[in-house]
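Asker: If you scroll down you'll find the structure; I have some questions about it.
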Amino acid sequence: MILPPPHSPFQWVNRVQGPALVCLALEEIAPHLMTTRPWRLGARSANDSADTWADVAEAMQVARAALSRVHQVHGRTVAVRRYDERIDDRGQPDADIIISNDPATVVAIQSADCVPLLIADQRTGNVAAAHAGWRGLAAKVPAATVEALAAEFGSRPEHLVAAVGPSIGPCCYGVGVDVLDHFRAMGASKAAVARWFRDRPRPTAFNPSMPGLPQSSRAGHWYFDPWMATRDALETAGIPSQHIHVAMLCTASHADLFCSYRRDGQQAGRMAAAIRCALLCP
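If you want it as structure tokens, here you go:
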């Protein structure tokens with residue numbers, strides 16, 4: 007498999023389970039990874055099984071019981087994992103953001119087109135994993151993540167480093183007027199809407215549009231840029247621009263490498279984004 011080059015400072019790494027992506031700027035603060043379709047989690051028939059998540063735990067060098075997940079609902083609710091707090095084994099809470107100051111716990115989200123966002127505090131080592139599709143971005147999940155780290159663990163935005171992993175990109179992400187109207191209703195400015203929504207797809211050499219995708223404009227139809235929307239939201243939340251890193255790889259463009267619900271529908275597998283606090287944080 008030929009791996010497309012991610013935007014610097016992301017880098018491909020080889021794991022027993024398959025290729026994974028890491029952000030070198032984030033790796034200096036907290037161990038993490040973003041899985042790909044060749045992992046067992048990437049098979050639709052297996053993505054809820056214990057074995058598939060055991061693969062992620064093993065790659066992160068923790069026991070399966072130390073992997074903390076949530077039931078993702080396309081919202082902005084936050085789950086908190088504190089040091090020395092036993093993981094609740096009664097089930098996964100409804101949430102799309104997990105924050106942690108526990109170096110014994112790995113927090114992880116899953117995605118198959120939505121934005122996987124990992125954040126670490128370079129001063130304390132506190133971490134966050136967040137999941138955001140268009141609904142989550144309209145609901146300001148990136149800002150909610152930054153705010154939760156500040157409220158629960160005292161993190162300051164200027165100390166945070168963020169990595170935005172592979173998701174569907176502006177080369178393929180066609181949406182209707184309902185999506186644009188939802189962003190407006192949630193307070194997105196005219197300037198932001200103009201930046202994030204275009205009337206034509208924007209493929210690149212490494213992110214071609216899906217086969218059969220119309221390349222001309224259509225009434226009531228736009229192409230959404232979740233990467234720019236996420237970056238803008240993180241900057242607005244106070245994270246310095248130089249601390250925000252976007253992989254710039256589209257899940258829908260690379261059928262052998264990434265899972266994509268938009269491309270594969272119900273047969274789509276899932277990918278994990280996982281991170282672990284590197285320091286014991288009071």
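Following my numbering, the numbering of the sequence shown begins with 7 at its first residue and continues without gaps.
All C-beta atoms, glycine included, are put in the ideal place defined by N, C-alpha and C.
Nothing here was measured: the structure is a model prediction, and the numbers come from that model.
1) What number of angstroms, rounded off, separates the C-alpha of residue 223 from the C-alpha of residue 111?
2) For a test of the three-state rule: what should DSSP assign to residue 167, helix, strand or coil?
3) Any beta carbon of chain B sitting closer than 9 Å to that of residue 202?
4) Measure the C-alpha to C-alpha separation of residue 117 and residue 241 and round it to an integer number of angstroms.
5) Sort 143, 192, 16 and 136 by Cα distance to residue 155 and report the nearest one.
6) Quick one: grab the DSSP three-state call for residue 59.
7) Between residue 198 and residue 119, what straight-line distance do the alpha-carbon atoms span, to the nearest angstrom?
8) Check for me: the alpha helix (DSSP H) holding residue 267 runs from which residue to which?
9) Quick test of the definition: if touching needs 3 or more C-beta pairs under 8 Å, does the segment 155-171 touch the segment 203-216?
10) For residue 85 and residue 245, I'd like the C-alpha separation in whole angstroms.
11) Quick check on residue 43: does DSSP put it in helix, strand or coil?
12) Let me know if residue 6 comes out buried or exposed under the rule of 16 or more other beta-carbons within 10 Å of its beta-carbon.
13) Report yes if the CB atom of residue 268 is closer than 9 Å to the CB atom of residue 178, and no otherwise.
14) Using 10 angstroms around the beta-carbon of residue 195, count the other beta-carbons present and answer buried if the total reaches 16, otherwise exposed.
15) Go ahead and label residue 91 buried or exposed: buried means 16 or more other beta carbons lie within 10 angstroms of its beta carbon, across all protein chains shown.
16) Beta carbon of residue 122, beta carbon of residue 170: below 9 Å?
17) Helix, strand or coil, according to DSSP, for residue 215 in the structure here?
18) Pick helix, strand or coil for residue 73, following the three-state DSSP scheme.
19) Exposed or buried, residue 271, counting other C-beta atoms within 10 Å across all chains shown (16 or more means buried)?
20) Where does residue 106 fall in DSSP's three states?
21) In the segment 146-203, which residue ranges form an unbroken beta strand (DSSP E) of at least 3 residues, counting only runs that do not cross its ends?
22) Count the other CB atoms within 10 Å of the CB of residue 39; is the residue buried (16 or more) or exposed (fewer)?
23) Tell me which residues share the same chain as residue 133 and place their Cβ nearer than 6 Å to its Cβ, disregarding the 5 neighbours each side in the sequence.
Answerer: Based on what the coordinates show:
1) 47 Å
2) strand
3) Among the protein chains of the structure shown there is no chain B, as only one such chain exists.
4) 23 Å
5) 136
6) helix
7) 21 Å
8) 267-270
9) no
10) 21 Å
11) coil
12) For the chain, the structure presents residues 7 to 288; residue 6 sits outside this window and is missing.
13) yes
14) exposed
15) exposed
16) yes
17) coil
18) strand
19) exposed
20) strand
21) 166-170 and 180-182
22) buried
23) 36, 106, 126, 281 and 283
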